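Input: a single structure, listed below in structure tokens.
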Amino acid sequence: MTIINITLPMRIIKGLSDYSNVVNEVLKQDISFNILKFSMDSSGTTMLLDVPEDKIKDITKSLKKSNIIVNKKGRVSVDKELCVNCGACVSLCPTDALNLNSTFELVFSEELCIGCNLCINSCPRYAIKED
Ligand code: SF4
Ligand code: SF4
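Taking numbering that gives the first Met the number 0 as reference, the numbering of the sequence shown is continuous, increasing by one, and the terminal residue is 130.
Set out below in structure tokens:
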């Protein structure tokens, strides 16, 4: 299984039926999948889906046809000068790439980061940036 990060832009969200469209597009591939995260802000709704690796191309094509944005995988970095170790980003990370250590300092693991970008908007200090 592998994780994809998708965004339903606000302009295409009219109601609950739009969310079921996403599910239906993925189910067209005759697979089982997990919704790991679901978050919403003024730009739209972001979902993190865990899907079979060999179906990624078909799923991506199918979602794009419905005007759903499939975000590219990237990595993030944490600016230690800006970070105040508040921990607001930690619980959002689905892979435990962000943690507070025993002295309550933020520890970021590049290795664990899958570039889902869910943490970026959580930081009140704008310390997390997409690489
Ligand atoms: S982008 Fe942020 S939330 Fe996503 S895996 Fe990396 S550190 Fe965790
Ligand atoms: S939310 Fe920002 S300031 Fe708080 S621990 Fe995470 S990176 Fe640091």
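Beta carbons are placed, not taken as given, at the ideal position from N, Cα and C, and that holds for glycine. All of these numbers come straight from a predicted model, not from anything done at the bench.
Using a Cβ-Cβ distance cut-off of 8 Å, the stretch 60-69 and the stretch 4-12 are in contact, since at least three pairs of beta carbons, one from each stretch, lie closer than that value. Taking 7 Å as the cut-off, the Cβ atoms of Ile-2 and Ile-113 count as close. Annotated as distal: Leu-91 and Leu-111, with beta-carbon spacing of 7 Å or more. With a threshold of 16 other beta carbon atoms within 10 Å, Asn-4 meets it and is buried.
Relative to Thr-59, the option among Glu-24, Cys-85, Val-83 whose CA is nearest is Glu-24. Under the three-state reduction of DSSP output, Leu-111 falls in the coil class, being neither helix nor strand. Excluding residues up to 5 positions away in sequence, Asn-120 lie with their Cβ nearer than 8 Å to the Cβ of Asp-40 in the same chain.
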